[in-house]
Structures are given as structure tokens and as C-alpha cells.
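In our numbering, the protein residues as written are 4 to 541.
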């Protein structure tokens, strides 16, 4: 569902983005820094490479004709979502598409390596092509731009290294592991050295993102040589980064490790939980050849916000929203990463917790704080207690309780039981036969026709029970189903029309019908629904 913040507009003179201000219903309030700085590659680039190549070539990269939004995706990148959620008053983004951790890579190198020098509108000797896009040069530009300024109120995120691996060419197939591991040591050492450099220059907080899991990228999954070792090498890479961050912390540096590998593994394991209904490996752009881009016919008619990747190595706006939400939550609360074993866990922290429970049958109690929890696979029991929580059961049959405040409960796939409790809650129905109880307060129940969210077009049996207060059932239906519902309501009554959809509605004062998921954005100020939508839960 496209409830994203408005697309950032590109300034015609500077090539930088002008961000829309964060809204009160999504902005996180516990971030301690006023300036957010980002360094990285195409997963971070908010339009810089497009601006640079527009100045020296007849065709800018990434290719707008293929649907790219001047970024390597169809919308915004994680850094933009994270910065808005954090409420940063200033964002400095030095990330550039195709950048690597190691060595030097100029715009001239890019054009020559890609074999696209024919599109240059300037001579190869033009000094603009001397621009180095790699990390060390990004740091140089940041430090030059902020020379003489107090950087203590700045938080800087490093998210880079994937292109070093994607361009890795072992000397022979039998040396892929040993040479891959040697490269991993080089990349992680250089990343930690960059963090130390920023700390030495007075930056108040250094954030190091792990790299995503190898099987996150369809382009990696399809490579028979790379796929078997990618997860192993990247897992070791991330473990080494995490240990390095711990060493920085012991040295008195405010360093934070953000486990992007964990959230990307969660997306891969349960894409439907994040609104991905298209087959995971189907990407929108098969080839971004500037003269003849190839668009995937298998995705004709499939909404892009239900597709995981825009091309083999670049996620869609939907997935960037999830990554940005995770990044922001990790910087403002406590992150708990589970595993595939069943567990019983009570989080007693008064901070805002973010929990990826993992597979297994989990029992999870969230006490104080405004928490976010993903049950993932298997039958989970999650209790929200105090605070304004977002709770998603994920796959299988889950039981979710909101507790005392205004909560968002998402059943996911499977036959789920959700109960809002006190407060004005939002209960979102998923695939499967569900039982949802609002409890006290003015509650909102959201029903989406199965065919709109990856179902087979049949209707499950769902019960929505209101309670005290004024409760609303918002249904998003196809136009054909909406017309049939209106006709049956007029001739046989609303209860019969709901029954035809497999719905039993009790003590619900208002039933509203929509034919576009985006129409639900009018409810975004309820509970934390706007934020839940950035997690692609709506």
C-alpha cells in the first residue's frame, strides 16, 4: 500500500533532495542528535549519482526511463525514511551508487568499466570525471564541508561493502572461499578504520550497518558460483564488524552496530509479512541498458509496493521503508534478535523495544515502552501490556494482545486471534480465518480482500467484534466485490452482505468500503498506523 511520505523532490541546482518534514504520528522522539549523516553506496544514495551523471552524460544513472526515481529504486531509500523517522533537523547524505569500501573509483572508471563512454557529453579528460565515489573520498568531502564545525551533535551511518563483494573475481573457482575471506578482512578492517577516523574528527555517534544477508539479493541467489558462499562470507563479515564495534565502545567511542542482516533474513523468511505478494525472485527491471531497458513481463499488473526488488540487487521502495524503519528503531530503542527455537521471553525494559522473535513457537511479553514485535514463523503468543505497540504475528496461527494503550495488531497469515484491550486500537486482518476483538476504546478493524494481499481469491471466515466505544470496520475490496456488497446490502441487508465475504461483525457501529488500499491513509493518525505502514504491515 502506498502510504509512504511524499517523494522527495530533487533540487535542480544542487542535485540534493529536499526532505518532507516528519509527521507527528511517525516521528520518533528519543533520538539525541540533530544532524544525521550517511555514507554508502546505491542502497544509501538519495540522488547523487543521478545528479553527477546528468552533468556529464546524455543518459543519467540510474535510468529514469526504466522507472528509477533518480535513486536505485522506485521511491526513496532507507536513509531518507530513517532520517525522517528520527526527526533529524539536518540530513547530509554522501552515499553514491556503485561506491565501494576499498580503493579509488572515479566517474571515468565507472563509465569505462560499464562500457558506456559513448554516452559521455564531455571529453574523457574532463576534471569532473576525476571525482572519486568510494568511501574514503566520501569521508574527505564530509570533513571538508564541515571543517571548523562542532560535529558532536552528528550521528554518522556507514553502510558499504556490498559492491566490493559483487565485483569480487577470484583467481580460480577453487580459491573463491580463501580469497573471499581475505577480502572480507580487508573490507571490515577498512570500515572500522573509517569509524575510528570519524570519531577522531569529533562525530558524536558512529553507526555501522551490517551488510544484508546474501540470500536477500535475487541477483546473488541466482549465481551458482556466488550463492553457496555469500551467506557464509557475509555472516563472518557482519560478526567481525559487530566485534569491532564492541572494541570501539570499549575504547570510549559512541559506536552502534545495526543488524541489517537480521531484518533482511526476516524479510526473506516471511515476505508476505511485509506485504510482498509477488514471487520473491521476480524483479521489475531485468536489464537497465540505457538504449533498451528490459522490464519483467511477469510483473505486469502487479503493484510495485508488493514486489521485493526493483532489479536483481536493488530493493523496492517498500523494502527500503522497512530497512529505514528498522534502522531508526535500532537507534532509539533496544533490539532483540531471536532464533528458530521456541522461547519464552519478557522484556522489562522501559525503553522502546524492537523484537524479531525468529522461528519457533514464541511467548513474548512486552511491558513498558512503545514496542515493535515480529513473531515470524510458527504459532506465537505476544502480549503488549503498557505502551503504544506495533505487533505482527507473521506466518502461522498467532495470539496477539495489545494491552493498555493504542496499539496496532497485525494477524499476518494463518488463523489468528487478536485482542486490542484498552485504548483506541487498530486490528489488521490478514490471510486465514481470524478472530479479532477490539475491547475498550474506539477501535478500527481493517479487512483487505484476499486477492489484494496475495490470497487465492476465496474468502476465509473472519469475526470482528467491537466493544465499548465507537468501532469501525474498514474493508478494502476489488471494485467487483464492492459492487456486489453494495447490491446485497441494499436488497438483503448489511449482515448478509458481510456474510457473503465470510465476515461476522458484532458490536461495530460503522462499516466503510474502499476500493484502493491507499484510501486507508486517512486513518494514519490512529495509534501508530502510519509507522506500521512504513513497515509494510498495512
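We treat Cβ as the ideally placed atom computed from N, Cα and C, and that holds for glycine.
With a cutoff of 8 Å on beta-carbon distance, residue 99 and residue 38 are scored as not near each other. With respect to the 8 Å criterion, residue 407 and residue 388 are classified as neighbours on the basis of their beta carbons.
Contact check for residue 104 against residue 167 passes: the beta carbons are separated by less than 8 Å. The shortest C-alpha to C-alpha distance from residue 309 to any of 462, 255, 34, 270 is the one to 270. Annotated three-state conformation of residue 430 is strand, per DSSP. For residue 358, the enclosing beta strand (DSSP E) begins and ends at 356-359. Taking all protein chains in view, the Cβ of residue 286 is crowded by 16 or more other Cβ atoms within 10 Å, so the residue is classified as buried.
Comparing alpha carbon positions, the residue from 497, 128, 517 closest to residue 508 is 497.
Around the beta carbon of residue 77, 16 or more other beta carbons lie within 10 angstroms, which makes this residue buried.
Counting only residues of its own chain and dropping the five nearest sequence neighbours on each side, residue 260 has a CB closer than 6 Å to the CB of 211, 245, 248.
Only exposed fits residue 292, as fewer than 16 other CB atoms lie within 10 angstroms of its CB. Per DSSP, residue 509 is one residue of the beta strand (DSSP E) stretching across 506-509. A residue is called buried once 16 or more other Cβ atoms fall within 10 Å of its Cβ, and residue 473, having fewer, is exposed.
For residue 312, there is no enclosing alpha helix (DSSP H); the residue is found in the beta strand (DSSP E) stretching over 312-314. With a minimum length of 4 residues, there is no unbroken run of alpha helix (DSSP H) contained wholly in the segment 267-327.
In this structure the segment 324-343 does not lie against the segment 102-116, because fewer than three pairs of beta carbons, one per stretch, are closer than 8 Å. Contact check between the segment 457-471 and the segment 524-533: fewer than three CB pairs, one atom from each, fall below 8 Å, which does not count as touching.
Between the C-alpha atoms of residue 42 and residue 64 there is a straight-line separation of about 19 Å.
Between residue 207 and residue 238, the C-beta spacing is not below 8 Å.
In chain order, 327, 330, 331 place their CB closer than 7 Å to the CB of residue 85, counting only its own chain and leaving out the 5 sequence neighbours on each side. Residue pairing from DSSP places residue 394 in a beta bridge opposite 376, 412. Along the segment 28-90, the alpha helix (DSSP H) occurs as fully enclosed runs of 4 or more residues at 51-57, 81-89, listed in sequence order. Per DSSP, the beta-bridge partners of residue 159 are 40, 209.
For the 8 Å CB-CB criterion, residue 404 and residue 477 do not form a contact. For residue 194, the closest C-alpha among the options 141, 229, 371 is that of 141. Residue 234 places its beta carbon less than 8 Å from that of residue 216. Only buried fits residue 379, as 16 or more other CB atoms lie within 10 angstroms of its CB. Under the criterion of beta carbons closer than 8 Å, residue 455 and residue 481 qualify as touching, at roughly 7 Å. Per DSSP, reduced to three states, the secondary structure at residue 335 is helical.
Here residue 46 is near residue 162, since their CB atoms are less than 8 Å apart. In the three-state reduction of the DSSP assignment, residue 154 falls in the coil class, being assigned neither a helical nor a strand state.
For the set 469, 518, 296, the Cα lying nearest the Cα of residue 489 is the one of 518.
Comparing alpha carbon positions, the residue from 250, 397, 318, 177 closest to residue 79 is 318.
DSSP, read as helix, strand or coil, puts residue 247 in helix. In this structure, the straight-line span from the alpha carbon of residue 74 to that of residue 372 is close to 35 Å.
If you check the CB distance, residue 289 and residue 457 do not come in under 8 Å.
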